[in-house]
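So the structure is just underneath, and the comments pick up after that.
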Amino acid sequence: MKKLLVFVWFFISVATFAQNDSKRISQYNLEKKVAIQGYDPVAYFKQAKAIKGKKEVSVSYQGVIYQFSSSENKDTFLKNPSKYEPQYGGWCAYALGSSGEKVEINPETFKIIDGKLYLFYNAYFNNTLKIWNKDETSLKLKADSNWKKIYN
173 MKKLLVFVWF FISVATFAQN DSKRISQYNL EKKVAIQGYD PVAYFKQAKA
223 IKGKKEVSVS YQGVIYQFSS SENKDTFLKN PSKYEPQYGG WCAYALGSSG
273 EKVEINPETF KIIDGKLYLF YNAYFNNTLK IWNKDETSLK LKADSNWKKI
323 YN
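Heads up: the sequence shown begins at 173 in this note's numbering, then just goes up one per residue.
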């Protein structure tokens, strides 16, 4: 009986994690399960710039693949992944705040706010980070709320 209970608990745990991974994969801004278009999430914090990661230095975290520019950055990420993951699944923070839409980003247009990574669309003379900066507090509150609606 005890073995059966352990098996049932294990099966339920695995099924729950698989559902969470599937949800992340379907809602996050990914290309072939790779986040941030292959940019190193730790580099934004440690080097204060966007640095392209390498396929051979990557890790899958809850179904999402992150690539790193160095093994040191990979190890740093693994110690506290939630610290380095981009907000709003890697979608444009401004678009989520202004209209609740999931819009692509330019991984080189970013901002660290309260220790979190925010990414922005920047193409065709439309740098949404500049607009975000004009009303950051309000846009961030709206983006937080909109992301909860999308992701939950």
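Positions of the beta carbon are idealized from the N, C-alpha and C atoms, including for glycine.
Quick caveat, the model's predicted, so the values are computed rather than measured.
Pair within 8 Å by beta-carbon distance, L301 and G262: Here residue 301 refers to the residue found at position 129 when the sequence shown is read from its first residue. Here residue 262 refers to the residue found at position 90 when the sequence shown is read from its first residue. Not in contact: L301 and G262 (Cβ atoms no closer than 8 Å).
Segment contact flag, the segment 231-244 with the segment 202-218, C-beta cutoff 8 Å, min 3 pairs: yes
Run of the beta strand (DSSP E) containing I284, from where it starts to where it stops: Along the sequence shown, read from residue 1 onward, the residue named residue 284 stands at position 112. Looking at the DSSP string, the run of the beta strand (DSSP E) that includes I284 is N278 to I285.
Best match in D286, F249, Y266 and E257 for proximity to R196 [C-alpha to C-alpha]: Here residue 196 corresponds to residue number 24 of the sequence shown, with the count starting at 1. Out of D286, F249, Y266 and E257, E257 has the C-alpha closest to the C-alpha of R196.
Beta-carbon proximity check, E276 vs Y260, cutoff 8 Å: In the sequence shown, counting from the first residue as 1, residue 276 sits at position 104. In the sequence shown, counting from the first residue as 1, residue 260 sits at position 88. Result no, Cβ atoms of E276 and Y260 do not sit closer than 8 Å.
Nearest-angstrom beta carbon gap, G269 and K312 [assumed within contact, 8 Å]: Residue 312 sits at position 140 when you count from the first residue of the sequence shown. Residue 269 sits at position 97 when you count from the first residue of the sequence shown. K312 to G269, Cβ: 6 Å. Contact.
Local conformation of E308 per DSSP, three classes: Locating residue 308 in the sequence shown gives position 136, where the first residue counts as 1. E308 falls in the helix class under three-state DSSP.
Check whether I322 and Q199 have beta carbons under 8 Å apart: Position 150 of the sequence shown, counted from the first residue, corresponds to residue 322. Position 27 of the sequence shown, counted from the first residue, corresponds to residue 199. Yes.
Span separating the alpha-carbon of K283 from that of V214: As a first step, residue 283 is located in the sequence shown; it is residue number 111 there, counting from the start. As a first step, residue 214 is located in the sequence shown; it is residue number 42 there, counting from the start. K283 and V214: Cα-Cα distance of roughly 13 Å.
Residues of its chain near K246, where Cβ-Cβ distance is below 7 Å and the 5 sequence neighbours each way are ignored: The residue you call residue 246 lines up with position 74 of the sequence shown. Counting only Cβ-Cβ distances below 7 Å, and skipping sequence neighbours, we find V229, V231 and F240.
Exposed unless 16 or more other CB atoms sit within 10 angstroms - verdict on V180: For the purposes of this step, residue 180 is identified with residue 8 of the sequence shown, where counting begins at 1. In this predicted model, V180 has a pLDDT of only 33, less than 50, meaning its place in the structure is not dependable; the value taken from the coordinates is given anyway. Burial call: exposed.
K218 to V206 span [Cα, whole Å]: One-based indexing of the sequence shown puts residue 218 at position 46. One-based indexing of the sequence shown puts residue 206 at position 34. Distance between the alpha carbons of K218 and V206: 21 Å.
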